[in-house]
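Protein chains in written order, with our numbering: chain A, 969 to 1633; chain B, 9 to 91. Glycine residues also receive a C-beta, built at the ideal position from the N, C-alpha and C atoms. Bear in mind the structure is a predicted one, so any value in this text is a computation, not a measurement. Everything on this sheet refers to the single structure shown next.
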Amino acid sequence: MSGIKVACVGNPNCGKTTLFNALTGAKLKVANWPGVTVEKVEGATSYEGQEITLVDTPGIYSLTCYTIEEKVTRKCVMDDDIDVILNVVDASSLERNLYLTLQLLELGKPVVLALNMMDIVKERGMEIDLHRLPEMLGDIPVVPVSAAKRTGLGVLLHAILHHYEEQKNAEYILEYPEYIEEKIAKLEVMMQAHYPDHSSRRWHAIKLLEDDEEVREEHPISVTNVVDRSYEKEIISCKYDYIEKVVKEALFYQHNKTPVTEKIDSYLTNEWLGLPLFLCIMGVVFFLTFAVGDFLKGYFEVFLGLVTNTVSEGLTTLHVSKVLTSLIVDGIITGVGGILTFLPNIFILFLALAILEDSGYMARVAYVMDSIMGHVGLSGKAFLPMILGFGCTVPALMATRALETERDRRKTMLITPFMSCSARLPIYVIFSQMFFDKKYAGLVAFSFYVIGMVVAVITAFVMNKLEKGRENDSLLIELPEYKRPNARTVFIYVWKKIKDYLTKAGTTIFIASICIWFILNFGVTGMVENPADSFGAAIGKGLVPLLKPAGLGMWQIAVALISGISAKEIVVSSFAVLFGVANANSTDGMAAILANVHAQNPAFGPLNAYCLMLFCLLYVPCVAAIATMYKESGSLKYTLKVLIFEILVAWILTTCTFQIGSLFL
Amino acid sequence: MEGENMTLFEASKEKEYEIKNLLVEEAVTRRLQALGLNDGVRVRVLNRKKKGALIIKVRGTRLALGKHLSANIEVEEVQPCPV
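Written as structure tokens, this is what we have:
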């Protein structure tokens, strides 16, 4: 017997992915805000020798289609060869969750209910009658589980298999008033005549009665004699009336305690305190990133210095050819090693973001920022991808799927790259410490995060004015329960990011470092002694006139900026390779680069350095982000427009900064 | 008659209301209904900004609603349920 296929379906943020991870051993991202999962993912597990394929889906509130994720899930449940639907339900908000359950039951496929978050139910002093609840839901298996604590999983798998083998489809527990039932019966007969092998006829009949656009288009049969108007409203209230009955009979002590969440919210979403508190929290995140990160960096430096010396001496004793030694020491160790020293900063940043995301605060940020975002024609929800952009632009662009309209999505995708991602962090660390007093270095670095946000908001504002203030979509987001961040969740999140970073250092940055080493050490005449004769210099010199007004008129900078498109950290790598510094992120390394820069261009001072960082913040995102933007928008024209726009913004703002700054300094 | 009704946007903190009418486009109506906001349901305002979004509690969950939405939801104030 071949395996069975099970779809995890449920409301957003009810713990589908946590359960999926627990059952399959996968390490998908989990966090405490609605809309983390945007794509369906498959995984495998087995129980008593039976193979089970699990499909994790984006959360949905209903089987109607509203956002992209909902379409993904509905398509998966309807089309795919799903044998059993595993309906994951947040037991602490049973009333809302059951609305989807009733719709899933109408599909006529076997449904198993996983009552997740039973620990919260207990904590709040609530009780669920586990005999009455399944009775009222057509005798489907109802299994209490805790996905986070991994309890009840065996029972759940057993229930899924058993229920599948019984082939007992869900009974129609919910009866509509007679005049609706009559119409449903008539439509079912019509469906039977036109689509004899169609499953879930009752569901389709109900959807036709609700005048569901997609179902109507897919089944172009004339039903006007039965469906004289949309009966959606009646059907929905029937469902809710039934749910109220279920809740009354199966859920006790619902109003026992005021949840802690509401007490915390009275501060964090307070009309006056909300925004200052948010800014403070972000301030603390970046302070920790720079301060603690720098503290840990020292240990990395010692280690890297050791590696460089050992390798370099080893190669000399082995009489390895000059070209190869140069490639390994000047190219690879310099380019890749320098980047690795930023690992502590990256680690702290992602740790802080993981804790923020898992605490339940993210959805509150959408509420707090709604007024400001409203002025630029976006809803507060658009701010969530922007915060993720502080980590990495790629997942941030994907998170825009949670936005309701394509227009809002494109606008948010346009401004998200301005949010300074973690790859740009090494650039700020190096150049702010190199050119600014130690006291102000942190402040200088922090300023780019603020500038990025401001540029993003202004861009959205201008776009909004150009669109002449078309009606913007209003905020609509569920605010989850606050919870203590789960250690496993945070660990998986941070570990994945660190792994990505190391992989990037081993692949993209590795290859780019070799390329940079090549174009800087070879020219038309072969290997050159003076980099000024290299291919790189030739390319860079062509761009110098363009960069000069922005205070960046050095061919080395042009080379660094071009190579930085492959990954932003490479701007730092290229500087290291350019000036032959083993560890750019050390005091000696910085001094060496500074001396070299001044040898080339004595006038290059703090203002130029600031302009360089500003340009790096604003000019095109890295290749991975560009590819994601293309994939997410599905339009090459849009992607190119965004890139041109961003280069222009970067050049204009940097030039203005340099020209105005030069007047004063 | 319609003009006389108050909207959720005018609602005050910590008071309870009953949803009377959703005056938003169809897709949004469906969304609101899926979130538990159908006609006749009781909601409690947990928090609000003077001229902006507000947080309500409905069917045991908290929802943040923007101004454009709340201004198009007609409500009627009701006495809080004795717990």
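Exercise. In its own chain, which residues sit with a C-beta less than 8 Å from the C-beta of THR1021/A, not counting the 5 before and 5 after it?
Worked result: For this step, residue 1021/A is matched to residue 53 along the first sequence. Closer than 8 Å at Cβ, skipping near neighbours: GLY971, ILE972, LYS973, VAL974, GLU1010, GLY1011 and ALA1012.
Problem set entry | First and last residue of the uninterrupted beta strand (DSSP E) at PRO1002/A | Here residue 1002/A is taken as the residue at index 34 of the first sequence, counted from 1. That residue, PRO1002/A, is in no beta strand (DSSP E); it is neither H nor E in DSSP.
For this session: Determine the direct distance from the alpha carbon of PHE1386/A to that of ILE1316/A, and round the result to whole angstroms.
Result: Taking the first residue of the first sequence as position 1, residue 1316/A is located at position 348. Taking the first residue of the first sequence as position 1, residue 1386/A is located at position 418. Straight across, the Cα-Cα distance linking ILE1316/A with PHE1386/A is about 21 Å.
Exercise. Helix, strand or coil for PHE1220/A per DSSP?
Worked result: Position 252 of the first sequence holds residue 1220/A. Correct three-state label for PHE1220/A: strand.
Problem set entry | Sequence-distant residues of its chain with Cβ nearer than 7 Å to LYS28/B (five each side left out) | For the purposes of this step, residue 28/B is taken as residue 20 along the second sequence, with counting starting at 1. Contacts found: ASN13, ASP47, GLU82, VAL83 and GLU84.
Problem set entry | Inter-residue spacing [alpha-carbon to alpha-carbon] between PRO980/A and LEU1352/A | The sequence position of residue 980/A within the first sequence is 12, counting from 1. The sequence position of residue 1352/A within the first sequence is 384, counting from 1. Going from the Cα of PRO980/A to the Cα of LEU1352/A covers about 15 Å.
Problem set entry | Neighbourhood of LYS1379/A by C-beta distance below 7 Å, restricted to the same chain and skipping five residues each side | For the purposes of this step, residue 1379/A is taken as the residue at position 411 of the first sequence. Here the set comprises LEU1346, ALA1428 and MET1431.
Exercise. Are any of the Cβ atoms in chain A nearer than 8 Å to that of ARG67/B?
Worked result: Position 59 of the second sequence, counting from 1, holds the residue named residue 67/B. Chain A contact via Cβ: present.
For this session: Please say whether THR1025/A and LYS1008/A have beta carbons closer to each other than 8 Å?
Result: Residue numbering aside, residue 1008/A sits at position 40 when the first sequence is read from its first letter. Residue numbering aside, residue 1025/A sits at position 57 when the first sequence is read from its first letter. Yes, the pair counts as a contact, with Cβ atoms nearer than the cut-off.
Exercise. Closest by CA to PHE1547/A, which one among ALA1500/A, GLY1519/A and LYS1516/A?
Worked result: Residue 1547/A sits at position 579 when you count from the first residue of the first sequence. Selected option, being the one with the closest Cα: ALA1500/A.
For this session: Tell me, please, whether the CB atom of LYS75/B is closer than 8 Å to any CB atom in chain A?
Result: What you label residue 75/B is simply residue 67 of the second sequence in a count that begins at 1. For LYS75/B, the answer is yes, since a Cβ of chain A falls inside 8 Å of its Cβ.
Exercise. Going along chain A in order, which residues have a C-beta closer than 9 Å to the C-beta of LYS50/B?
Worked result: Position 42 of the second sequence, counting from 1, holds the residue named residue 50/B. Per the sequence shown, the amino acid found at residue 50/B is Arg instead of Lys. What ARG50/B touches in chain A: nothing, since even the nearest Cβ is about 11 Å away.
Problem set entry | THR1623/A and PRO1513/A closer than 8 Å at C-beta | The residue you call residue 1623/A lines up with position 655 of the first sequence. The residue you call residue 1513/A lines up with position 545 of the first sequence. Cβ distance not < 8 Å, so THR1623/A and PRO1513/A don't count as in contact.
Problem set entry | 9 Å Cβ cut-off: residues of chain E touching GLU1239/A | Given the protein chain composition of this structure (A and B), no chain E is represented.
Exercise. From GLY1306/A to SER1554/A, what does the alpha carbon distance come to, in whole angstroms?
Worked result: What you label residue 1306/A is simply residue 338 of the first sequence in a count that begins at 1. What you label residue 1554/A is simply residue 586 of the first sequence in a count that begins at 1. C-alpha separation (whole angstroms): 9 Å.
Problem set entry | Segment limits, beta strand (DSSP E) that includes ASP1024/A | Locating residue 1024/A in the first sequence gives position 56, where the first residue counts as 1. ASP1024/A -> beta strand (DSSP E) spans 1018 to 1024.
Problem set entry | Rounded straight-line distance, which links the Cα of PHE1255/A to that of TRP1240/A | Numbered from 1 along the first sequence, position 272 holds the residue referred to as residue 1240/A. Numbered from 1 along the first sequence, position 287 holds the residue referred to as residue 1255/A. When rounded, the distance between both Cα atoms is 24 Å.
Exercise. If you draw a straight line from the C-alpha of THR1285/A to the C-alpha of VAL1279/A, how long is it?
Worked result: Locating residue 1285/A in the first sequence gives position 317, counting from the first residue. Locating residue 1279/A in the first sequence gives position 311, counting from the first residue. Cα to Cα, THR1285/A sits roughly 10 Å from VAL1279/A.
Exercise. Where LEU1264/A and ALA1544/A are concerned, what is the direct C-alpha to C-alpha distance, given to the nearest angstrom?
Worked result: Position 296 of the first sequence holds residue 1264/A. Position 576 of the first sequence holds residue 1544/A. Cα to Cα, LEU1264/A sits roughly 21 Å from ALA1544/A.
Problem set entry | the segment 1443 to 1463 of chain A touching the segment 1323 to 1340 of chain A, judged by at least three CB pairs closer than 8 Å | Touching, per the Cβ criterion.
Exercise. So ILE1419/A is in the alpha helix (DSSP H); what residue range does that whole segment cover?
Worked result: On the first sequence, position 451 is the one that residue 1419/A refers to. Taken as a continuous stretch (DSSP letters only), the alpha helix (DSSP H) holding ILE1419/A covers 1406 to 1434.
For this session: Kindly indicate the opening and closing residues of the alpha helix (DSSP H) around GLU26/B.
Result: Here residue 26/B refers to the residue found at position 18 of the second sequence. Not the alpha helix (DSSP H): GLU26/B falls in the beta strand (DSSP E), residues 24 to 30.
Exercise. Could you check where the beta strand (DSSP E) with VAL1079/A kicks off and where it finishes?
Worked result: Working through the first sequence from its first residue, we reach residue 1079/A at position 111. It spans 1079 to 1084 - the beta strand (DSSP E) in which VAL1079/A sits, taken as one unbroken run.
Exercise. In chain order, what residues of the same chain have a beta carbon less than 7 Å from the beta carbon of VAL1669/A, not counting five sequence neighbours either side?
Worked result: What the structure shows of chain A is the stretch from 969 to 1633, and residue 1669/A is not part of that stretch, so it cannot be assessed.
For this session: Label PHE1258/A either buried or exposed according to how many other C-beta atoms from any shown protein chain fall within 10 Å of its C-beta, with 16 as the threshold for buried.
Result: Within the first sequence, the letter at position 290 stands for residue 1258/A. Buried: at least 16 other Cβ atoms inside 10 Å.
Problem set entry | Assigned exposure category for TYR96/B - 16 Cβ within 10 Å defines buried | This structure gives no information on residue 96/B, because the portion of chain B shown stretches from 9 to 91.
Exercise. Between ILE1477/A, VAL1110/A and PHE1358/A, which lies nearest to LEU1321/A when the distance is taken from Cα to Cα?
Worked result: Against the first sequence, residue 1321/A aligns to sequence position 353. Nearest option by C-alpha distance: PHE1358/A.
Exercise. Is LEU1125/A near LEU1105/A, with beta carbons less than 8 Å apart?
Worked result: Within the first sequence, residue 1125/A is the residue found at index 157, counting from 1. Within the first sequence, residue 1105/A is the residue found at index 137, counting from 1. No, the pair does not count as a contact, with Cβ atoms beyond the cut-off.
Exercise. Got a sec? Which residues, its chain only, sit under 7 Å from ILE1479/A by beta carbon, not counting five neighbours each side?
Worked result: Counting from 1 along the first sequence, the entry for residue 1479/A is found at position 511. Cβ neighbours of ILE1479/A beyond the five flanking positions: none.
Exercise. What are the residues of the segment 1436 to 1455 of chain A that lie near chain B, defined by any Cβ-Cβ distance shorter than 9 Å?
Worked result: GLU1439, ASN1440, ASP1441, SER1442, LEU1443, LEU1444, ILE1445, GLU1446, LEU1447, PRO1448 and GLU1449
For this session: Can you pull the chain A residues whose beta carbon is under 8 Å from the beta carbon of ILE63/B, in chain order?
Result: Translated into the one-based positions of the second sequence, residue 63/B becomes position 55. The answer, in chain order, is ASP1233, THR1237, TYR1335 and LEU1447.
Problem set entry | Terminal residues of the alpha helix (DSSP H) in which TYR1598/A lies | As a working note, residue 1598/A is residue 630 in the first sequence. Looking at the DSSP string, the run of the alpha helix (DSSP H) that includes TYR1598/A is 1591 to 1601.
Exercise. Just the Cα atoms here: how many angstroms apart are VAL1214/A and GLU1091/A?
Worked result: By 1-based counting over the first sequence, the position of residue 1214/A is 246. By 1-based counting over the first sequence, the position of residue 1091/A is 123. Distance between the alpha carbons of VAL1214/A and GLU1091/A is about 22 Å.
For this session: Just tell me which of ASP1180/A, ASN1065/A and VAL1080/A has its CA closest to the CA of ALA35/B.
Result: Here the question's residue 35/B lines up with position 27 in the second sequence. Of the listed residues, the one whose Cα sits closest to ALA35/B is ASP1180/A.
For this session: Determine whether the Cβ of SER1347/A lies closer than 8 Å to any Cβ atom of chain B.
Result: Working through the first sequence from its first residue, we reach residue 1347/A at position 379. So, interface residue.
Exercise. My guess is that GLY1342/A and LYS21/B are in contact by the Cβ rule of under 8 Å, so how many angstroms apart are they, rounded?
Worked result: Indexing the first sequence from 1 puts residue 1342/A at position 374. Indexing the second sequence from 1 puts residue 21/B at position 13. The pair is not a contact, with the Cβ atoms about 20 Å apart (cut-off 8 Å).
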